[in-house]
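Line order of the protein sequences matches chains C and G. When we follow my numbering, the leftmost residue of the first sequence carries the number 15, and every step to the right adds one. When we follow my numbering, the leftmost residue of the second sequence carries the number 3, and every step to the right adds one. So the structure is just underneath, and the comments pick up after that.
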Amino acid sequence: MRHVLLVALLAVPSAAQAQTAWTDHARVSINFGLEQPPSTTFAGTTTIAPVYLETATVNTSYGVSSGKSFDGGVLIRVAGGFGVGAAVSSFTKSQTAAVTGTIPHPFFFNTLRPISGTSSSLERSETAIHIQAGYVISSKRVDVAITGGPSFFNVSQDLVADATYTEAYPYDTTTFSATTISKATATKLGFNVGADIGVKLSKNVGVGGLVRFSRASVTFPLARTTSGVTTDVGGPQVAGGVRFFF
Amino acid sequence: MNRARIVAAGLCALGATFAIPSRPVAQMRSLAIAVGSESADRLRDWDVRVDQLARGGDLQRRDEHEDTLMPSRRHERLAQLYHGVPVWGGDVARQSERGATVSIFGSLYDGIAIGTEPTLSPEDARDVISRLSGVDLGQSARLPELLILPLDGGGFALTYRDQAISERDASVYFIDAMDGRLRLKYNLFQNQSAVVTGTGVLGDTKKVSVRSQSGTYTADDQLRPPALFTYDMRGNLISALNALSGFTALTTANLATDPSTSWTDGPNVDAHAFAGYTYDFYFKKFGRRGLDNQNTRIIGMTHPVRGQDALSAPASILFTYYLNASYCPLCGSDRRGMMMYGEGLPSNVFLLVGSTRVFFKNFAGSLDVVAHELTHGVTAFSSNLIYLNESGALNEAFSDIMGASVEFFVRPSTANYVMGENLTTPVIPGFFTRSLQDPLTYGTPDHYSIRLTDAADNGGVHSNSMIAGHAFYLAIEGGTNRTSRLAVQGVGSANREQIEKIFYRAFTQLLTSNATFAQARAATIQAARDLYGAASAPERAVTQAWTAVGVN
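Here it is as structure tokens:
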């Protein structure tokens, strides 16, 4: 991911060598690519109380790897090379989480029994609206837009709300059975910065690439947690697609 | 699903919007409805809304009936649907009088935006529930029901709901109809096992396994394999005698009970908990399933007399139902045995021993005593040692040995070889106490040559028992017998379990009802060879121990 980002940024000065004024009224980009959320893991602890008069805990370590993203945006020139616009990006990924926990013993205080297992098919879905101010460096066939601004994230995440287990007399061990999943949704304000390069194939149509970094920290509400489950959303995004120039 | 949270969220949702980006919000909104005639405008609005929802198919009438207390009124119940699928927990109750709505209560969910075409079939969901519960539902003609489930963290899921009932669990499962995940599980029966906090006779706190039934808790252990009951006779000696004699059967009404989850009747707490611990000891150490190894029911009886009657009680009652604990092998209406725990004495009543005032606690408060009595049950169902002379002493010895062993099992850091040390204050050696470690100091023989041979106490069963008890102690801890001055190399406390298994094997598998000390020696040596081999350290320790106590 870092290598891709570096190459894309190096392209900016190259395109700027023969720069001219940005004369288009607007540029539209539609991209498909990859996004890597900034937190590759995050954790949540659910307390289940009381189980046999004491507190049981379920700790979940969620993995978040890169996934496919879709992005569409428009930048409208307002003066010179400056423009404003907005982009919408979406990211969806299904992940597996590691679940560990402790379950109190039915007969004795302070005798916790461990459980562990996995919970699969936990879906993360992010939709972000990136409000952008940008400056476009343009040449005859290539233009590069440097953008930044606030982002509004709407994120939904499957969270492990509880773990079920089986136990049998004499109850010295428990066997992980399954997890109970709760879909949590949160919205949060963050930021975005990025660069978008467009190569014109004709007066109005071209191809291009996008590098963007966006970020916000969200807290998902989840029952029986002290403060919900917090993670970072957004992250570096690399995409390519078509460009339209008006 | 927490009803209180739903209502709270619903009341907020009535006036809330969701366009605040800086804080998380849940997708799900529940509308809690509670409007009566005091708010005519709101009632009218909701009345219209309910009618609209009913016409639109979002509410379905499932019941309508007259008010039996107010004949002019009628009640209807409407269930919420989403695209024809019931919404779990979404329903409305509307009261009317001569066609005019009087009140509306209920909860409705809005913001539902999910597909209602399941990916899984009902049979698929049934298979998932079977796997999760361990209950084969394939025989059931009933298929899981499709429902919209409001989720704790917000949002909704299309789920299948069904129940699975086994001997130990009865639960309702909600399985995601799209991917088969478990979405919610909760207990089906209100009559369930429960664990409560109990304060014992000595003021210690412990967990007690009981039955929860209709808002109260009874001393009926639902977590252990056998039926394990503790009956509280509430000081009614006549009832206690009738129950012991089998004239009347004990019922649920006789069970020790408490409406709270914090039990404070120490004898009931300890009798019930300690019986459970003893069952655990036998199961985990020896794989034995209860008194008869077939999980026969275990019954303990507390409070057979009233403490305040102690001063007026004749000696026969005082030393049987106050200052005693016993196992009666043929007691109970089914003649399968019962434990009875003496009441002890009120805190302002004492016995004078010499010039010492001795106060007595309830006998159920002594773990080794409870285990001792239950072990008489094990003996009754195995060797059935006759409670007279040497076999009687061996019967008592095995109960003391296992009583001490249970104490080491449950409380390894504080356990000792003294029996009944928690019964009296102060502890006077030999007065309601015995020591496997030092029998002589407690007034009992530590050597076969000084055994009691008179007819008292069934031939000295409570005294001569210490000869075998001391052999058990020496085989574990080692040491020198005070009478014979013979030294024993024990297996060490870390290997305590070896000697416990040897004595358990000998006393439950090898000995017969009229066994003698010499036979006990031979049986334990045989058990040691069986378990650990000839010339093994345990065999040597057991052999030396019996020799040291004069049994050859």
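No residue lacks a Cβ here, since even glycine has one placed at the ideal position from N, Cα and C.
Neighbouring residues, chain C, relative to residue i (Cβ below 7 Å)
{"i": "G157 (chain G)", "result": "K197, T199"}
Chain G residues whose Cβ lies nearer than 9 Å to that of residue i
{"i": "Y149 (chain C)", "result": "Within chain G, no residue comes near Y149 (chain C); the closest Cβ sits about 26 Å away, beyond 9 Å."}
Per-residue burial, residue i [other beta carbons within 10 Å of its own, 16 or more giving buried]
{"i": "K82 (chain C)", "result": "exposed"}
{"i": "S264 (chain G)", "result": "exposed"}
{"i": "A242 (chain G)", "result": "buried"}
{"i": "H85 (chain G)", "result": "exposed"}
{"i": "D456 (chain G)", "result": "exposed"}
{"i": "Q54 (chain G)", "result": "exposed"}
{"i": "N270 (chain G)", "result": "buried"}
{"i": "H449 (chain G)", "result": "buried"}
{"i": "F231 (chain G)", "result": "buried"}
{"i": "P128 (chain C)", "result": "exposed"}
{"i": "I131 (chain G)", "result": "buried"}
{"i": "P64 (chain C)", "result": "exposed"}
{"i": "P51 (chain C)", "result": "buried"}
Helix, strand or coil at residue i [DSSP, three-state]
{"i": "T388 (chain G)", "result": "It should be noted that the sequence gives Ile, not Thr, for residue 388 (chain G). If DSSP states are grouped into helix, strand and coil, I388 (chain G) belongs with coil."}
{"i": "A525 (chain G)", "result": "helix"}
{"i": "R229 (chain C)", "result": "strand"}
{"i": "T71 (chain C)", "result": "strand"}
{"i": "K217 (chain C)", "result": "coil"}
{"i": "E423 (chain G)", "result": "coil"}
{"i": "S401 (chain G)", "result": "helix"}
{"i": "E409 (chain G)", "result": "helix"}
{"i": "V27 (chain G)", "result": "Confidence at V27 (chain G) is low in this model, with a pLDDT of 30, below 50, so its placement is unreliable and no value can be given for it."}
{"i": "Q224 (chain G)", "result": "coil"}
{"i": "L1 (chain C)", "result": "There is no way to answer for residue 1 (chain C), as the model of chain C reaches only from 15 to 260."}
{"i": "G254 (chain C)", "result": "strand"}
{"i": "S53 (chain C)", "result": "coil"}
{"i": "I116 (chain G)", "result": "coil"}
{"i": "Q500 (chain G)", "result": "helix"}
Identity of the residue in the options nearest residue i by Cα
{"i": "F258 (chain C)", "options": "C:L236, C:S228, C:S216", "result": "C:S216"}
{"i": "G422 (chain G)", "options": "G:T103, G:G492, G:L204", "result": "G:L204"}
{"i": "E119 (chain G)", "options": "G:A166, G:G156, G:D138, G:M180", "result": "G:M180"}
{"i": "T132 (chain C)", "options": "C:V150, C:N73, C:F166", "result": "C:N73"}
{"i": "S103 (chain C)", "options": "C:V221, C:G208, C:T233, C:T55", "result": "C:G208"}
{"i": "D178 (chain G)", "options": "C:P120, C:G87, C:F205, C:S135", "result": "C:S135"}
{"i": "V87 (chain G)", "options": "G:A536, G:L61, G:H449, G:Y329", "result": "G:L61"}
{"i": "I114 (chain G)", "options": "G:V104, G:L151, G:R100, G:S357", "result": "G:L151"}
{"i": "D532 (chain G)", "options": "G:N516, G:F505, G:Y284", "result": "G:F505"}
Chain-ordered neighbours of residue i on chain G, where CB pairs are closer than 7 Å
{"i": "L67 (chain C)", "result": "V197, T199, K209"}
{"i": "S191 (chain C)", "result": "L134"}
{"i": "A100 (chain C)", "result": "Residues of chain G passing the Cβ test: none, with the nearest at roughly 15 Å."}
Extent of the continuous alpha helix (DSSP H) to which residue i belongs
{"i": "W48 (chain G)", "result": "42-57"}
{"i": "A127 (chain G)", "result": "124-135"}
{"i": "W548 (chain G)", "result": "539-550"}
{"i": "N270 (chain G)", "result": "268-288"}
{"i": "A159 (chain G)", "result": "Note, A159 (chain G): premise wrong, no alpha helix (DSSP H); beta strand (DSSP E) at 158-167."}
{"i": "G462 (chain G)", "result": "458-479"}
{"i": "H374 (chain G)", "result": "369-382"}
Chain C residues whose Cβ lies nearer than 9 Å to that of residue i
{"i": "G278 (chain G)", "result": "F121"}
{"i": "L488 (chain G)", "result": "None at all; the shortest Cβ gap to chain C is about 40 Å."}
{"i": "F285 (chain G)", "result": "Y183, P184"}
{"i": "K503 (chain G)", "result": "Result: empty, since nearest Cβ-Cβ is about 18 Å, beyond 9 Å."}
Per-residue contacts from residue i into chain G (C-beta, under 8 Å)
{"i": "T180 (chain C)", "result": "G136"}
{"i": "S135 (chain C)", "result": "D181, R183"}
{"i": "T132 (chain C)", "result": "Under the 8 Å cutoff, chain G gives no residues; its nearest Cβ is about 12 Å from T132 (chain C)."}
Boundaries of the beta strand (DSSP E) in which residue i is found, first to last residue
{"i": "D178 (chain G)", "result": "172-178"}
{"i": "S98 (chain G)", "result": "87-99"}
{"i": "Q511 (chain G)", "result": "Premise fails: Q511 (chain G) is in no beta strand (DSSP E) and is neither H nor E."}
{"i": "S152 (chain C)", "result": "126-152"}
{"i": "S247 (chain G)", "result": "Counting along the chain, S247 (chain G) falls outside any beta strand (DSSP E), though it belongs to the alpha helix (DSSP H) covering 239-247."}
{"i": "R308 (chain G)", "result": "Here R308 (chain G) belongs to no beta strand (DSSP E), and DSSP marks it neither H nor E."}
{"i": "L65 (chain G)", "result": "In the sequence on display, residue 65 (chain G) carries Asp and not Leu. Note, D65 (chain G): beta strand (DSSP E), 61-68."}
{"i": "R185 (chain G)", "result": "184-189"}
{"i": "K363 (chain G)", "result": "Looking at the DSSP string, K363 (chain G) is not in any beta strand (DSSP E), and its letter there is neither H nor E."}
{"i": "S2 (chain G)", "result": "Because chain G spans 3 through 554 in this model, residue 2 (chain G) falls outside it and cannot be assessed."}
Cross-chain neighbours of residue i in chain C, by beta carbon under 8 Å
{"i": "D282 (chain G)", "result": "F121, P184"}
{"i": "P152 (chain G)", "result": "By Cβ distance, chain C contributes nothing, its closest Cβ being about 10 Å from P152 (chain G), past 8 Å."}
{"i": "L225 (chain G)", "result": "P120, F121, Y183, Y185"}
{"i": "L186 (chain G)", "result": "T194"}
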